[in-house]
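Trainee: Chains A and B are the protein sequences, given in the same order.
The first sequence lines up with residues 0 to 365 when you count with numbering that gives the first Met the number 0.
The second sequence lines up with residues 0 to 350 when you count with numbering that gives the first Met the number 0.
Below is one structure. I have some questions about it.
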Amino acid sequence: MPTPADQDTRIFVRNGRRHYRKRYSLFEFRLGLVILVALAMTAGWVAYKGRHPDPSLLGTEPALGEGASVHPPADRGPLPQDIAPPGWRETVVSSFDPDHLYEKINGRADYYKSFGCERLVFATLVQAAAPETVIDIELYVLPNAANALGTYAGERGTPSTASVLESGIGHAARNALYFVQGRAYIRLIGSEDSPVVHEALRHILASFQSTMPSEPLPWGYDLLAETLRYDVGQIEYQSENAFSFDFGRQVYAAPIDDEGGQIFVVASPSDKDATNLAHAFVAGFLEYGTRAEKDRPGTWVQDRYLGTISTAMAHGAWVMGVRGAKTAAEATPRLESLRQGLDAKGAEFHARAMDENAREPAKTEE
Amino acid sequence: MARSGGKPSDRKEAPERIDRRAALRQIGTVSAIAAGAGWAALAPPTWPGSLRDPDGERGKPKQPVFRLPENGFLVPNVPGGAVLGIARGQNVVAMLKAAVDAIGGMGRFIQPGDIVVVKPNVAFERAAALGATSNPEVLKALVELVRDAGAKEVRVADNPIESPESCFVRSGIQRASLEAGARLYLPKKSDFETLHIPGARWIEHWPFFWQPFRDATKVIGLAPVKDHNLCRASMTTKNWYGLLGGRRNQFHQDIHGIITDLALMMRPTFVVLDGTRVLFRSGPTGGSLDDVRPGQTIVAATDSLAADAFGWQDLLGRADESLPAYFEQAARKNLGNPDWRSLPFKEAQVG
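Have a look at this one:
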């Protein structure tokens, strides 16, 4: 038993190796042994975990990334419930309003905003059996079908195939599907080109078609595709700044050659408005060219840089024109068929066009 | 003194007289203090000792400002040595090694003990095959090559557009980095510091992903070859955009100006242009395999503009189009030479 003096000495011990007892109890020995084993096991566990990291760190499970969600995950917008095909599961849903669109698509945000994009809903589907196989769903909600189609046309590039879907337009790539359903432009992007992805894409497409409301094709598509038989997948709609003119709003256009020549049409409120707008287009073309084809009716402009031909003219309350055509001779019959098409559609069609145009929400300056 | 009676507090004492010297001293002291206070309060802010703060700016807490090394992370030029190493083939490891060997080998750039930051493009949540991000196989080979050269630590860092965790996982960059023995840096808010970039037009003071660069001695950029809807192409110079923080999307208003600033901001040890895949349209996000073609090429270069110009002309196949505007703007600031054919280069066909 140590004396009080010994205890003092222990507190201020100068020789740390000094033993105060020759022997330790069996309990102390066992306790020490247990601690030693626990330390060894801890070290072993750390070494093992270091060599066998949590699979989720290396997996392709995108559930890790929920940081970009602006709205609560439950805010699916028009994204159908149970969108995942059998054998797939939905992981993360995020939603981006126009102010946060750049967080998802960065530099492309302004393009979608120019069509009045109201929201992007993003979801990821993961194949249960192979989590590295995923399909991303990008659902852009636009104000109306015309803007959805316009967005799609501008994003389309030059796909190898294009097909008209039930209530809109879409095309398939090797791993992806792009289509318009109602007033939504939807991109389904698979991570690979494989039968399992193709099957899932078809399932998701069917799910959208059965649950999302469709809308009739806008008047421009009706005129150019249904009546004049232009390739529906090539028709463009420019909500604003058509041909880089600030007055170029709600313009429908279709290609007339392989080098960018287009025929275009705009619905104006009155004959006088149409005449003024046609003059504005011609004045705009003249900024980059000079008058040409003076023997032909109307004002034709030859681009001084590209050598292409453009014109615009009023036809009643319509403005129709050609931009970037190779020659006036090629463009004239196109204009004539457009004129006949408009005449055949009659006054009701113009009223419908104006009604659809009026439904597009006014743009607000940022 | 006669006793007046009453309480002691009621007694009136005669005022203490002070002599003239003491009075002058006190007046002088008070006047000096008043003058000093007046100076501090009223003197224009730029005058010495002034504490005037008319707009409150001086009172704001000062953010520490960070700077990258004066000459970036460059290594000395080798006279006559190739600036551009171009390797074509199928084998990623062989191509990368051949490209780096062409510009002097990894030993020229990396010394034992170096702390090396590798900056891939992990901007989007896309599978690697879609070409919107750096090829993880190239990253893995690069990290291994750097480690073999004796680097003490290799750090892989990027600040993606989309959720960092998802981007790193989906692109395969996370797996490749960890398998190769690199340390991953995913951005957190606290990882950013205000970087001072003298001469920059848009980002003279801007939040920068600083954490990976603490004590770093070398920097390597690893960028894919991509079409870009705003700047027409995204390659090694645009790749540094991924180190910026803040609301960087505003720079899209002058995309070529900001890319020029990026060239000024980062002078890397060398860059690798990952042309194994080429996203030749619908960039920078892509999404369709129809927009990707095999490039089967890797370029290593000590001149980012030269590497980008090669990518534009050869890999994107746009030799008949003029170069994007940032080339000229950056070249005017002596930040590189877009005329890559006028520079020493070596080209090799490997496995």
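Every residue gets a Cβ at the ideal spot worked out from N, C-alpha and C, and that includes glycine.
If you draw a straight line from the C-alpha of residue 110 of chain A to the C-alpha of residue 244 of chain A, how long is it?
Mentor: So the two alpha carbons sit approximately 16 Å from each other.
Trainee: Does DSSP put residue 3 of chain B in a helix, in a strand, or in coil?
Mentor: Note on residue 3 of chain B: pLDDT 44, under 50, position unreliable in the model; the coordinate value appears next. Correct three-state label for residue 3 of chain B: coil.
Trainee: Please work out which residues of its chain come closer than 6 Å, Cβ to Cβ, to residue 202 of chain B, disregarding the five sequence neighbours upstream and downstream, and give them in chain order.
Mentor: Cβ within range, chain order: 196 and 260.
Trainee: Quick one: does residue 255 of chain B have its CB under 9 Å from some CB of chain A?
Mentor: By this cut-off, residue 255 of chain B is not an interface position.
Trainee: By how many angstroms is the C-alpha of residue 233 of chain B removed from the C-alpha of residue 170 of chain B?
Mentor: Roughly 17 Å between the two C-alpha positions.
Trainee: Suppose contacts are defined by Cβ-Cβ distances below 9 Å. Is residue 226 of chain B in contact with residue 186 of chain B by that definition?
Mentor: Going by C-beta atoms, residue 226 of chain B is not nearer than 9 Å to residue 186 of chain B.
Trainee: Is residue 286 of chain B closer than 9 Å to residue 135 of chain A when the C-beta atoms are compared?
Mentor: Against a cut-off of 9 Å, the Cβ pair of residue 286 of chain B and residue 135 of chain A comes out as a contact.
Trainee: Since residue 278 of chain A sits in a beta bridge, which residues does DSSP pair it with?
Mentor: None; residue 278 of chain A has no bridge partner.
Trainee: When the Cα of residue 257 of chain A is compared with those of A:240, A:264, A:278 and A:233, which residue comes out closest?
Mentor: When only C-alpha atoms are compared, the closest one is A:233.
Trainee: Tell me which residues share the same chain as residue 237 of chain B and place their Cβ nearer than 6 Å to its Cβ, disregarding the 5 neighbours each side in the sequence.
Mentor: Taken in chain order, the residues that qualify are 258.
Trainee: Does residue 173 of chain A come within less than 9 Å of chain B when only Cβ atoms are used?
Mentor: Judged by the 9 Å Cβ criterion, residue 173 of chain A is in contact with chain B.
Trainee: Assess contact between the stretch 321-337 of chain A and the stretch 296-307 of chain A, defined as three or more Cβ pairs (one per stretch) separated by less than 8 Å. Is contact present?
Mentor: With a cut-off of 8 Å, the stretch 296-307 of chain A and the stretch 321-337 of chain A count as touching, because enough Cβ pairs lie within range.
Trainee: At a Cβ cut of 8 Å, what residues of the stretch 186-213 of chain A count as close to chain B, listed as they run along the chain?
Mentor: Going along the stretch 186-213 of chain A in chain order, one finds 186, 188, 190, 191 and 192 with a Cβ nearer than 8 Å to chain B.
Trainee: Does residue 65 of chain B get closer than 9 Å to chain A when you measure Cβ to Cβ?
Mentor: By this cut-off, residue 65 of chain B is not an interface position.
Trainee: For a contact meaning CB atoms closer than 9 Å, what does residue 275 of chain A contact in chain B?
Mentor: Those do not exist, as residue 275 of chain A stays about 32 Å from chain B at its closest Cβ, beyond 9 Å.
Trainee: Run the CB neighbour count on residue 29 of chain A, radius 10 Å, all protein chains shown included, and call it buried at 16 or more, exposed below.
Mentor: So residue 29 of chain A ends up on the exposed side.
Trainee: Please state the DSSP three-state secondary structure of residue 153 of chain B.
Mentor: Three-state result, residue 153 of chain B: strand.
Trainee: Is residue 271 of chain B near residue 155 of chain B, with beta carbons less than 9 Å apart?
Mentor: No; because the gap between Cβ atoms is not below 9 Å, this pair is not in contact.
Trainee: Taking CB distances under 9 Å as the criterion, tell me whether residue 154 of chain B reaches chain A.
Mentor: Taking Cβ atoms only, chain A never reaches closer than 9 Å to residue 154 of chain B, which makes this a no.
Trainee: In the DSSP assignment, find the unbroken alpha helix (DSSP H) run with residue 178 of chain B in it and report its ends.
Mentor: Counting along the chain, the alpha helix (DSSP H) containing residue 178 of chain B begins and ends at 172-179.
Trainee: According to DSSP, residue 271 of chain A sits in a beta bridge with which residue or residues?
Mentor: DSSP output for residue 271 of chain A lists no bridge partner at all.
Trainee: Based on Cα-Cα distance, which residue from B:117, B:106 and B:314 lies nearest to residue 177 of chain B?
Mentor: Out of B:117, B:106 and B:314, B:117 has the C-alpha closest to the C-alpha of residue 177 of chain B.
Trainee: Answer yes or no: does any C-beta atom of chain B fall closer than 9 Å to that of residue 374 of chain A?
Mentor: This structure leaves residue 374 of chain A out entirely; chain A is present only between 0 and 365.
Trainee: Specify the secondary structure class of residue 347 of chain A as computed by DSSP and reduced to three states.
Mentor: Of the three classes helix, strand and coil, the one that applies to residue 347 of chain A here is helix, per DSSP.
Trainee: Take residue 179 of chain A and list the residues in its own chain whose beta-carbon comes closer than 6 Å to its own, dropping the five residues that flank it on each side.
Mentor: Correct list, in chain order: 147, 148, 151, 167 and 168.
Trainee: Check the Cβ of residue 108 of chain A against every Cβ in chain E and list those closer than 9 Å, keeping chain order.
Mentor: The chain labelled as chain E is not found among the protein chains of the depicted structure, namely A and B.
Trainee: Among the residues of its own chain, which have a CB less than 8 Å from the CB of residue 77 of chain B, if the five just before and after it don't count?
Mentor: Counting only Cβ-Cβ distances below 8 Å, and skipping sequence neighbours, we find 103 and 107.
Trainee: Does DSSP put residue 132 of chain B in a helix, in a strand, or in coil?
Mentor: Coil at residue 132 of chain B, not helix or strand.
Trainee: In this structure, does DSSP put residue 44 of chain A in helix, strand or coil?
Mentor: DSSP places residue 44 of chain A in helix when its eight states are reduced to three.
Trainee: Below 9 Å between beta carbons: does that hold for residue 224 of chain B and residue 85 of chain B?
Mentor: Going by C-beta atoms, residue 224 of chain B is not nearer than 9 Å to residue 85 of chain B.
Trainee: Closest by CA to residue 159 of chain B, which one among B:262, B:149 and B:208?
Mentor: The candidate whose alpha carbon is nearest that of residue 159 of chain B is B:208.
Trainee: Taking 9 Å as the threshold (C-beta atoms), are residue 142 of chain A and residue 186 of chain A in contact?
Mentor: No; because the gap between Cβ atoms is not below 9 Å, this pair is not in contact.
Trainee: Measuring only between beta-carbons, confirm whether residue 154 of chain A sits less than 9 Å from chain B.
Mentor: Yes, residue 154 of chain A lies at the interface with chain B (some Cβ there is under 9 Å from its Cβ).
Trainee: With DSSP collapsed to three states, give me the class of residue 231 of chain A.
Mentor: Three-state result, residue 231 of chain A: helix.
Trainee: Entirely within the stretch 83-128 of chain A and at least 4 residues each: give me those alpha helix (DSSP H) ranges in chain order.
Mentor: Listed in chain order, they are 101-104 and 108-113.
Trainee: At a Cβ threshold of 9 Å, is residue 135 of chain A touching chain B?
Mentor: So, interface residue.
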